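K.L.:
Structure incoming, see below.
Numbering (the working numbering), first residue to last: 13 to 476.
Structure representation (structure tokens):
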């Protein structure tokens, strides 16, 4: 019966072990050793037992490992490799035992390329299985069994691209705009930190820029900027400044941003306005909010006046910080009507931007530049494979975009066939996205106009 086959297989393996040990002690140099024949018998019996329907999963695992072990020791690596290949699904979660056994027995045989290849392939499958189970120790063993660093990097990069897994590692991860994460994903991300492992592999491979990009994609902007410090080039300094600017902008978008005040101030002091497109605007607005002084507010208005969207952002920050009355009475300018003209002109410029975003006909180079600035402001970049029709956004650093969509009660206008909405990067329909932004721009510019109208009405009543 099946039990007799398994028992016989174990007996043949024990006898083969004895023959092997006897050959070692007798310094037997024969090319065809008796132990190989008995290992072959044991392997075939183990393989037969593993195919029985009456065998339990635990027993099946033992029989498969026994068949592999004995085929390998019988100097039949081709059949040993075949055992792994045909049972790959079952062996995924038992790879740790398989690899440990292989490491012990390969010293008795020459390392065969076919078996090594199957072990490496099996390790890749096992990495996914162990990661899914949150088994850190077994995952580490499986990853270490992949001999090529390039392949290890590829496995780590492809394991999990769900942005929800990384929310617990960033200060703004609990914001209501990111409230779609599941608890199981958060727990899993804590058990095995893929980011640290992947970044270490990339740095060991000399790919510092890619390591920084990985950290950026996962929302770890401060850590990403620190990696770029190691390069000390103009490009790395510019990129570092952009990352710190992005971090500053996100933190300032939080309702409880003051909790991060001390750390934020250190980051803002490191910002070099000349090294980033948005850096001078973000730095001036950040200083105004942190210091909460009229002078910083007016300085910010002066810095941001060259860009319509940032000028409007600076005005709204001023209303929040010092109020509209103070802005109209104390803002540098000839008189109050000049200041009113400044605000109404900004509203008109915002309305022009809205109409430009909805323009369907061919745009000029200057119009495309203006639209690109608005898209960049909302954390959107042209998609490299279809820049005219699609945009891409980083799902962990696009809080400003999420807040805008929340205000407009809209979802991401995901481009058809662009993949999962849980990916680290999302591909969006550019036309639909621009329409939503246009509606938002109209809404917020009108809100400023209404506040100004109410303020002037009160001022008129006081004069009367």
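Every residue, glycine too, gets a C-beta built ideally from N, C-alpha and C.
Since this is a predicted model, take the numbers as computed values, not measurements.
Determine the direct distance from the alpha carbon of residue 56 to that of residue 63, and round the result to whole angstroms.
P.N.:
11 angstroms
K.L.:
Rounded C-beta distance between residue 213 and residue 161? I'm assuming under 8 angstroms.
P.N.:
Going by Cβ atoms, the distance from residue 213 to residue 161 rounds to 6 angstroms, so yes, they are a contact pair.
K.L.:
Do residue 371 and residue 407 come within 8 angstroms of each other at the CB atom, strictly closer than that value?
P.N.:
no
K.L.:
Starting from residue 404, trace the beta strand (DSSP E) both ways and give me its first and last residue.
P.N.:
Its beta strand (DSSP E) spans residues 402-406.
K.L.:
Going by the beta-carbon positions, is the gap between residue 295 and residue 329 smaller than 8 angstroms?
P.N.:
no
K.L.:
Between the stretch 340-349 and the stretch 440-457, can you find at least three pairs of beta-carbon atoms closer than 8 angstroms?
P.N.:
no
K.L.:
Does the separation of the CB atoms of residue 25 and residue 82 fall below 8 angstroms?
P.N.:
Contact: yes.
K.L.:
Answer with buried or exposed for residue 19, where buried requires no fewer than 16 other C-beta atoms within 10 angstroms of its C-beta.
P.N.:
exposed
K.L.:
Looking at C-beta atoms only, is the number of pairs between the stretch 27-35 and the stretch 67-78 that lie closer than 8 angstroms three or more?
P.N.:
no
K.L.:
By DSSP, does residue 394 sit in helix, in strand, or in coil?
P.N.:
strand
K.L.:
Around the C-beta of residue 364, are 16 or more other C-beta atoms found within 10 angstroms, so that it is buried, or is it exposed?
P.N.:
exposed
K.L.:
Does the distance from the CB of residue 255 to the CB of residue 248 come in under 8 angstroms?
P.N.:
No, the Cβ-Cβ distance between residue 255 and residue 248 is not below 8 angstroms.
K.L.:
Using a 10 Å radius around the Cβ and a threshold of 16 neighbouring Cβ atoms, would you call residue 157 buried or exposed?
P.N.:
buried
K.L.:
Based on DSSP bridge pairs, tell me the residues matched to residue 426.
P.N.:
Checking the DSSP bridge columns, you'll see residue 426 partnered with 440.
K.L.:
Pull up the distance between the alpha-carbon of residue 220 and that of residue 268, whole angstroms please.
P.N.:
Looking at the two C-alpha atoms, the distance is approximately 33 angstroms.
K.L.:
What's the C-alpha gap between residue 321 and residue 205?
P.N.:
38 angstroms
K.L.:
Just to check my reading of the structure: residue 415 and residue 265 have Cβ atoms closer than 8 angstroms, yes? What is that Cβ distance to the nearest angstrom?
P.N.:
Approximately 6 angstroms separates the beta-carbon atoms of residue 415 and residue 265; this is inside 8 angstroms, confirming the contact.
K.L.:
Does the stretch 101-109 come close enough to the stretch 83-90 to have 3 or more Cβ pairs within less than 8 angstroms?
P.N.:
no
K.L.:
Is it the case that the stretch 174-191 contacts the stretch 134-147, given that we only count it when at least three CB pairs across the two stretches are under 8 angstroms?
P.N.:
no
K.L.:
Looking at C-alpha atoms only, which residue of 299, 439 and 354 is the closest neighbour of residue 399?
P.N.:
The candidate whose alpha carbon is nearest that of residue 399 is 439.
K.L.:
Within its chain, find whatever has a CB closer than 6 angstroms to the CB of residue 393; leave out the 5 residues flanking it on each side and keep chain order.
P.N.:
404
K.L.:
State the DSSP-derived secondary structure class of residue 114, mapped to helix, strand or coil.
P.N.:
helix
K.L.:
Let me know if residue 115 comes out buried or exposed under the rule of 16 or more other beta-carbons within 10 Å of its beta-carbon.
P.N.:
exposed
K.L.:
Is residue 343 helix, strand or coil by DSSP?
P.N.:
coil
K.L.:
Do residue 259 and residue 297 have their beta-carbon atoms positioned less than 8 angstroms apart in this structure?
P.N.:
no
K.L.:
Output the boundary residues of the alpha helix (DSSP H) element that contains residue 78.
P.N.:
69-85
K.L.:
Is residue 339 near the ligand MG, going by C-beta to nearest heavy atom under 7 angstroms?
P.N.:
The ligand content of the structure shown is nil, which means the ligand MG is not present either.
K.L.:
When we look at the beta-carbon of residue 279 and count the other beta-carbons within 10 Å, is it buried (16 or more) or exposed?
P.N.:
Classification for residue 279: buried.
K.L.:
Are there 16 or more other CB atoms within 10 angstroms of the CB of residue 288, so buried, or fewer, so exposed?
P.N.:
buried
K.L.:
Given a threshold of 16 other Cβ atoms within 10 Å of its Cβ, counted over all protein chains shown, does residue 78 qualify as buried or as exposed?
P.N.:
With a threshold of 16 other beta carbon atoms within 10 Å, residue 78 meets it and is buried.
K.L.:
Nearest-angstrom Cα distance between residue 200 and residue 176?
P.N.:
For residue 200, the predicted model reports a pLDDT of 44, less than 50, meaning its position is unreliable and no value from the coordinates is stated.
K.L.:
Please classify residue 389: is it buried, with 16 or more other beta-carbons within 10 angstroms of its beta-carbon, or exposed?
P.N.:
buried
K.L.:
Quick one: residues in its chain with C-beta nearer than 8 angstroms to the C-beta of residue 209, no 5 flanking neighbours on either side, listed in chain order?
P.N.:
155 and 168, listed in sequence order.
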